[in-house]
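First comes the structure, then the notes that go with it.
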Amino acid sequence: MSTIEAAVQLRNVVRQFGQQRVIDGLDLDIAPGEFVALLGASGSGKTTLLRSLAGLDSIDSGQLRVPKARAAVFQEPRLMPWKRAWKNVILGLRIPEAKARAVQALTEVGLAHRLEAYPATLSGGEAQRVALARGLVREPKLLLLDEPFAALDALTRIKMHRLIIELWRKHTPAVLLVTHDVDEAILLADRVIVLADGKIAEQLRIDLPRSRDTGQDGFQAIRARLLNLLGVEVDAPAARPPAINLRRVAHG
């Protein structure tokens with residue numbers, strides 16, 4: 001991938017705390033519009049990398065290039081409790097017709113009816129939708145997602161997966177998703193990267209057709225390979241999954 005093509009480019013990036021290198025000479029390219037998922041054990045450097053890309057943490061050495069237009073959504077929605085939903089969406093922005101932009105963003109995430117709601121009155125899924133709208137209103141070229149669905153119940157999480165794919169296809173930012181959920185990574189991403197000790201241990205291109213679900217041909221084989229890379233021993237699955245099973249789905 002050339003410098004011109006890459007939306008994100010890291011070359012020999014190092015971030016350390018004391019004597020510990022959390023990111024250790026990392027090279028990484030993310031193409032414009034590419035959806036990348038980042039897996040790894042706790043302490044592997046995933047969140048440190050995301051924070052560096054978001055501009056919330058510095059690097060100690062190396063080269064890091066990211067778009068100026070970027071936004072981050074975290075596991076906690078981080079909404080201001082004294083501000084209504086639409087005001088949370090444009091928090092920190094000075095743009096023309098700010099409320100109209102907030103309304104548009106909230107409409108995209110299915111919350112046109114909750115414009116005036118305070119965060120305390122929102123469900124967990126609604127609060128995360130407001131956080132996502134806050135990211136989208138900035139029209140990012142890079143959207144950083146740090147386990148944004150981890151605290152949600154299973155049904156809400158499925159809905160959020162569908163929503164993020166829909167919004168990604170509409171707005172076409174490059175996306176980096178940090179997750180501990182192997183299935184989530186396969187359902188959503190074009191490419192899955194496994195991070196270990198601050199380096200890329202493996203990366204897999206996910207060529208499964210969309211819409212994806214956990215029962216489609218090839219899914220379980222990719223899942224087994226990723227789990228093995230993460231230190232969870234899993235036998236290779238049969239060529240075809242059972243005809244009847246419980247499936248997780250990500251439309252897109």
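In terms of the UniProt record's numbering, the sequence shown opens at residue 1 and continues consecutively. All C-beta atoms in this analysis are idealised placements derived from N, C-alpha and C, irrespective of residue type, glycine included.
Since Glu202 sits in a beta bridge, which residues does DSSP pair it with? Val194
Within the same chain, show all residues whose beta-carbon is closer than 7 Å to that of Thr48, passing over the 5 residues directly before and after it, in chain order. Arg15, Val22, Ile23, Asp57
Where Asp197 and Leu152 are concerned, what is the direct C-alpha to C-alpha distance, given to the nearest angstrom? 28 Å
Going by beta carbon distance, what residues of the same chain come within less than 8 Å of Ala31, once the five residues before and after it are set aside? Met1, Glu5, Ala6, Ala7, Ala174
Among Ala127, Val194, Leu188, Leu145, whose alpha-carbon lies nearest the alpha-carbon of Leu208? Leu188
Let me make sure I understand the geometry here. Which of Leu176, Ala54, Ala131, Arg94 has the alpha-carbon closest to that of Glu34? Leu176
Phe74 - DSSP class collapsed to helix/strand/coil: strand
Who are the near neighbours of Asn228 in its chain, counting only those whose CB is closer than 7 Å to its CB and skipping five residues on each side? Val234
Could you give the distance in angstroms between the alpha-carbon of Gly18 and the alpha-carbon of Gly125? 38 Å
Grouping DSSP H, G and I as helix and E and B as strand, with all else coil, what is Leu152? coil
Distance, Cα to Cα, Arg157 vs Glu97? 32 Å
What does DSSP give as the partner residue(s) for Ser61 in the beta ladder? Val14
Going by C-alpha distance, which of Val73, Leu93, Leu38 is nearest Asp190? Leu38
Val137 in three-state terms, based on DSSP: coil
Sequence-distant residues of its chain with Cβ nearer than 7 Å to Pro77 (five each side left out): Ala127, Gln128, Val130, Ala131
Does the distance from the CB of Ala85 to the CB of Glu116 come in under 8 Å? yes
Closer than 8 Å is the cut-off here; do at least three beta carbon pairs connect the stretch 52-67 with the stretch 96-113? no
Taking the straight line between their C-alpha atoms, what separation do you get for Ala221 and Leu136? 34 Å
Let me check understanding here. Comparing Cα to Cα, which of His180, Ile206, Lys170, Asp181 lies closest to Val192? Ile206
Could you have a look at Gln9 and say whether DSSP puts it in helix, strand or coil? strand
Are the CB atoms of Leu163 and Val109 within a distance shorter than 8 Å? yes
Mind checking whether Arg134 and Val89 have CB atoms under 8 Å apart? yes
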